[in-house]
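S.K.: Sending over a structure as structure tokens; questions will come in a sec.
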Amino acid sequence: MSKICILGAGAIGGYIGAHFAANGIDVTLIDAWAEHVEAMRKSGITVEGINGAGSVKTSVHALHISDVPQLVKTDPFDIVFIAVKSYDTLWATQLILPYMAPNGCIVSLQNSINEDAIASVAGWNRTLGCSLSTIASELVAPGYIMRNSPLGDDTKIGLRVGEVHGRSTPRANEIARLLSCADSAKVTSNLWGERWSKLVINAMRNGVSALSGMSGKERDNNAVARELSICLGSSCVRVGQAMGLHLEPVGGFDLDLLGRAENDSAAMAAVSNFVIGLANARNDHQRPSMGQDIRKRRRTETDSINGLVARRGAELGIDVRLHDRVNKMVKRIEIGEIAPSPSLLNEIILPA
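All residue numbers in the sequence shown are consecutive under full-length UniProt numbering, ending with 352.
Listed below in structure tokens is the structure:
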């Protein structure tokens with residue numbers, strides 16, 4: 001049996017780790033939040049989901065990051081899932097690498113595109129990625145996770161794991177098999193296309209909720225926020241296409257239609273109607289990760305989401321000013337210069 005580590009046992013890492021543990025997989029969860037680690041040690045992890053989706057309660061083996069050196073006394077890890085924030089990727093990889101088996105691999109289970117950062121430490125031959133296309137969850141309290149989205153199925157695969165070179169390998173298939181206990185999973189031959197497609201969804205939703213203070217449902221039902229979200233997604237699609245990526249279906253969106261929406265009123269109307277339909281199926285309190293971070297006064301991943309799109313778009317000569325404005329606005333909120341407010345949406349759309 002493979003020995004597994006999940007580094008970053010928050011909303012996603014904790015969710016996946018709970019399902020691994022409940023299915024008898026040898027998994028160690030490592031996290032930096034002491035209260036969360038203590039709760040996991042004492043009472044395990046409880047996951048509750050909409051209509052029971054992904055619900056589980058189980059004991060887990062949990063370590064605080066300060067306990068990592070004691071791993072030298074144990075067998076090395078065969079597979080490590082990195083589930084920390086994008087800006088923590090480098091140090092997290094450096095931290096866990098000495099405790100991995102010689103042929104062990106690392107899987108990025110994160111937002112944005114961090115495989116290059118992992119590979120800079122561990123090597124490309126040990127690096128894989130996994131795109132989460134349908135999972136929305138929140139670490140509500142120590143040891144308690146809420147899943148705010150339905151489970152994936154054969155038409156909407158929740159977890160898509162891939163090698164950086166696109167080939168199907170025994171280890172990729174083993175990782176997909178493991179992940180299937182948490183949600184629908186498959187091996188993809190198009191990791192980079194999957195990654196950018198998920199980035200489209202994050203870039204159109206995360207920053208807008210973070211700067212407006214709106215929940216996902218409020219955002220999608222607000223005409224100004226919805227149009228801004230669609231314009232952000234539209235330009236992100238066009239950047240991905242200009243990079244030569246084959247974008248994959250994600251979240252039910254027609255990405256070709258979304259790519260036209262910013263400059264095509266008919267496409268905008270069609271996508272807007274689709275987004276409204278999604279809103280009606282949302283949990284009233286669900287917030288994307290950056291919205292959660294702002295409420296908890298934590299650093300966000302804006303540089304790795306809207307900031308990344310802004311940088312790539314600028315290199316390609318694509319108009320990505322909206323992404324740049326969102327990125328800068330969220331940073332101002334992070335440092336307490338301004339507070340989240342729906343009124344900030346107009347400052348993004350119509351800057352002074």
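Built from N, CA and C at the ideal position, the CB exists for glycine as well.
1) Do I106 and I82 come within 7 angstroms of each other at the CB atom, strictly closer than that value?
2) Can you find a CB in chain C that lies within less than 7 angstroms of the CB of K328?
3) Report the start-end ranges of each alpha helix (DSSP H) in the UniProt domain "Ketopantoate reductase N-terminal" (4-157) that is 4 residues or longer and not cut off at the edges.
4) For my contact list, S137 and E194 are in at a C-beta cut-off of 8 angstroms; report their separation, rounded to the angstrom.
5) Where does V309 sit, in a helix, a strand or coil, going by DSSP?
6) On a CA-only basis, which of P76, I135, H165, E315 is nearest A119? Give me that one, please.
7) Apart from the five residues on each side of it in sequence, which residues of its chain come closer than 7 angstroms, Cβ to Cβ, to E115?
8) When you compare the CB positions of A62 and L7, do they come within less than 7 angstroms of one another, or not?
9) Tell me, to the nearest whole angstrom, how far the beta carbon of Q286 is from that of K217; I am working on the premise that it is less than 8 angstroms.
10) Consult DSSP for G162 and reduce its assignment to one of helix, strand or coil.
11) Give a yes or no on whether the C-beta atoms belonging to G143 and A21 are separated by under 7 angstroms.
12) Hey, L97 and A122: beta-carbon distance below 7 angstroms or not?
13) I need the straight-line Cα distance from D154 to I175, nearest angstrom please.
14) If you compare alpha carbons, which of G44, F274, R297 is closest to I335?
15) Within this structure, are the beta carbons of P340 and I333 separated by less than 7 angstroms?
16) Would you call the stretch 224-240 and the stretch 263-277 touching, i.e. three or more CB-CB distances under 8 angstroms?
17) The beta strand (DSSP E) that contains K186, what's its start and end?
18) Is it true that the CB of A18 sits closer than 7 angstroms to the CB of H64?
19) Within 10 angstroms of the Cβ of R219, are there 16 or more other Cβ atoms? Answer buried if so, exposed if not.
20) List the residues that DSSP assigns as beta-bridge partners of F253.
21) Just the Cα atoms here: how many angstroms apart are A269 and R226?
22) Just mark S184 as buried or exposed, buried being the case when its beta carbon has 16 or more other beta carbons within 10 Å.
23) When the Cα atoms are used, what is the spatial distance from L178 to K331?
24) From the DSSP output, in three-state form, read off K296 for me.
25) By DSSP, does E262 sit in helix, in strand, or in coil?
26) With a CB to CB cut of under 7 angstroms and the five nearest residues on each side skipped, what residues in its chain are close to F77?
27) With the cut-off set at 7 angstroms, would you say A203 and V309 are in Cβ contact?
28) Have a look at G259 and G52 and give me their C-alpha separation to the nearest angstrom.
29) Please classify N327: is it buried, with 16 or more other beta-carbons within 10 angstroms of its beta-carbon, or exposed?
30) What is the rounded straight-line gap between the Cα of S215 and the Cα of I113?
M.R.: So, from the listed chains and residues:
1) yes
2) Among the protein chains of the structure shown there is no chain C, as only one such chain exists.
3) Listed in chain order, the complete alpha helix (DSSP H) runs (minimum 4 residues) inside the UniProt domain "Ketopantoate reductase N-terminal" (4-157) are 11-22, 34-43, 89-96, 115-122.
4) Wrong, their Cβ atoms sit about 19 angstroms apart, outside the cutoff.
5) helix
6) H165
7) Answer for E115: S108, T127, G129, V164, listed in chain order.
8) no
9) 7 angstroms
10) strand
11) no
12) yes
13) 18 angstroms
14) R297
15) Between P340 and I333, the CB-CB gap stays under 7 angstroms.
16) Judged by Cβ distances under 8 angstroms, the stretch 224-240 makes contact with the stretch 263-277, as three or more pairs qualify.
17) 185-187
18) no
19) buried
20) V250
21) About 11 angstroms.
22) buried
23) Per the coordinates, the alpha-carbon of L178 lies some 37 angstroms from the alpha-carbon of K331.
24) Note: K296 maps to coil in three-state DSSP.
25) It is coil, neither helix nor strand.
26) K3, I4, C5, Y99, M100, A101, G104
27) yes
28) 34 angstroms
29) Result: buried.
30) 25 angstroms
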